[in-house]
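In the UniProt record's numbering, the protein residues as written are 1 to 365. All C-beta atoms, glycine included, are put in the ideal place defined by N, C-alpha and C. Working notes, structure below.
And the structure:
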């Protein structure tokens, strides 16, 4: 605050004959002008004294969100930048839709001096804390845990881990899923004013002792320390500029390489697949043709064999019948010849008696 005093002569007395509403607006406008006159410089003038990078950032007033009845101490954006949370001395926590300039939710809180508020990574819940030395969640009115001094800052390491800094010179990590505090290892020599999260295991704290310390939950110890140029370190923030750009470049090159490699592999697979399909069709055709040829050849051989067999059987049977006929004729001629010789040498009486005897015996002559 400036040391200039505001005298009564600077405040114009409103005309009581005018309506009440215009009088109130006139007083509010005069108060704003007095506050502007007491400022050392406005944000645009202050930013002009910083680095050249900030000069390229256009600073302009976008809109005003009206809803608190007292001083606003802290604000926080959701991870998707679609919601804004604010807390103030009016014991209200308001969730805004800045694009539509409307309130989404108004939560009454118990403590009037809330100094910090933060969205969870999934934007499903809010954590806040202040001068009553306790940390709260927006879905409960009971304290989650407490410090021995006022709570200066709260932040989420992950959806189920919360870190908070306090005037008791410590930073506490609370597991909301297990409902337990992690071992205390983040300590400073004076009040810890701010905390920023790098990932779910690492965070940095800034303290009035002039040191910024980085802690790792996996080793549960301090991994790095920085000394500030001034006596106090009231705020700390991880800067992702160079590494983020480097990450984007590496990611783009990697994605481009993977895309080109994938496209090349796809073309090769497509070409080989086409050749394979053509080869399969041609192979099936050739296999079918060969199968038809083999079956036809086997059928031809079988038919030839059957034909030869039938011809052989026919020829063998014909010769056998001829042989039987010739043998029968030969036998008949031989029998007649023998009978003739017998009748020529033996007297007829003996032949007749012999035939009668054989007939009586039943022998066929």
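Using only the alpha-carbon positions, how far apart do residue 103 and residue 87 sit? Position 103 of the chain shown, counting from 1, holds the residue named residue 103. Position 87 of the chain shown, counting from 1, holds the residue named residue 87. Their backbone Cα atoms lie some 13 Å apart in a straight line.
Quick check on residue 193: buried or exposed, where buried means 16 or more other Cβ atoms within 10 Å of its Cβ? Numbered from its first residue, the chain shown carries residue 193 at position 193. Buried, because 16 or more other Cβ atoms sit within 10 Å of the Cβ of residue 193.
If we call anything under 8 Å between Cβ atoms a contact, is residue 190 one with residue 208? Indexing the chain shown from 1 puts residue 190 at position 190. Indexing the chain shown from 1 puts residue 208 at position 208. Yes; because the gap between Cβ atoms is below 8 Å, this pair is in contact.
Extract the residue ranges of the beta strand (DSSP E) inside the region 74 to 126, only unbroken runs of 3 or more that lie entirely within it. 84 to 88, 92 to 97, 102 to 108 and 114 to 119
Between 159, 268 and 186, which lies nearest to residue 219 when the distance is taken from Cα to Cα? Counting from one through the chain shown, the residue named residue 219 turns up at place 219. Cα-wise, what sits closest to residue 219 is 186.
Between 124, 159 and 183, which has its C-alpha nearest residue 170's C-alpha? On the chain shown, position 170 is the one that residue 170 refers to. Minimum Cα distance to residue 170 is reached at 183.
In the structure shown, what three-state DSSP assignment does residue 161 receive? The residue labelled residue 161 in the question sits at position 161 within the chain shown. Residue 161: strand per DSSP, three-state reduction.
CB contact flag (residue 119, residue 157, <8 Å): For this step, residue 119 is matched to residue 119 along the chain shown. For this step, residue 157 is matched to residue 157 along the chain shown. Not in contact: residue 119 and residue 157 (Cβ atoms no closer than 8 Å).
Assuming residue 151 contacts residue 217 (C-beta within less than 8 Å), just tell me the rounded distance between them. Here residue 151 corresponds to residue number 151 of the chain shown, with the count starting at 1. Here residue 217 corresponds to residue number 217 of the chain shown, with the count starting at 1. Residue 151 to residue 217, Cβ: 20 Å. No contact.
Over what stretch of residues does the beta strand (DSSP E) that includes residue 222 continue unbroken? Along the chain shown, read from residue 1 onward, the residue named residue 222 stands at position 222. Taken as a continuous stretch (DSSP letters only), the beta strand (DSSP E) holding residue 222 covers 221 to 227.
Spatial neighbours of residue 90 in its chain, beta-carbon cut-off 7 Å, leaving aside the 5 residues before and after: Here residue 90 is taken as the residue at index 90 of the chain shown, counted from 1. Cβ within range, chain order: 68, 69 and 70.
Can you list, in chain order, the residues of its chain whose CB lies under 8 Å from that of residue 181, leaving out five sequence neighbours each side? For this step, residue 181 is matched to residue 181 along the chain shown. 145, 172, 173, 174 and 175.
Taking Cβ positions, are residue 135 and residue 154 nearer each other than 8 Å? Sequence index remark: in the chain shown, residue 135 carries index 135 (1-based). Sequence index remark: in the chain shown, residue 154 carries index 154 (1-based). Yes, the pair counts as a contact, with Cβ atoms nearer than the cut-off.
Tell me the rounded alpha-carbon separation between residue 110 and residue 132. The sequence position of residue 110 within the chain shown is 110, counting from 1. The sequence position of residue 132 within the chain shown is 132, counting from 1. Going by the C-alpha atoms only, they are around 9 Å apart.
Over what stretch of residues does the beta strand (DSSP E) that includes residue 207 continue unbroken? The residue given as residue 207 occupies position 207 in the chain shown. First-last of the beta strand (DSSP E) with residue 207: 202 to 207.
What do you get for residue 303, buried or exposed, if any count of 16 or more other CB atoms within 10 angstroms of its CB means buried? The residue given as residue 303 occupies position 303 in the chain shown. Exposed, by the Cβ-count rule.
For residue 225, tell me which candidate among 210, 143 and 353 has the shortest Cα-Cα distance. Position 225 of the chain shown, counting from 1, holds the residue named residue 225. Per the Cα distances, 210.
Can you tell me whether residue 238 is helix, strand or coil according to DSSP? Here residue 238 refers to the residue found at position 238 of the chain shown. In this structure, residue 238 counts as coil in the three-state DSSP scheme.
Does residue 205 pass the burial test, meaning 16 or more other C-beta atoms within 10 Å, or should it be called exposed? For this step, residue 205 is matched to residue 205 along the chain shown. It is buried - the Cβ of residue 205 has at least 16 other Cβ atoms within 10 Å.
Proximity to residue 94 [Cα-Cα], best of 80, 74, 167 and 81: As a working mapping, residue 94 is identified with position 94 in the chain shown. Closest by alpha carbon: 74.
Among 159, 139, 122 and 215, whose alpha-carbon lies nearest the alpha-carbon of residue 108? Residue numbering aside, residue 108 sits at position 108 when the chain shown is read from its first letter. Checked all of 159, 139, 122 and 215; the closest Cα to residue 108 is 139.
Mind checking residue 370: buried by the 16 CB within 10 Å criterion, or exposed? The structure shown does not extend to residue 370, since the chain is modelled only from 1 through 365, so no value can be given for it.
Opposing strand residues paired with residue 214 [DSSP bridges]: To locate residue 214, count along the chain shown from 1; it is residue 214. Bridge partners of residue 214: 204 and 224.
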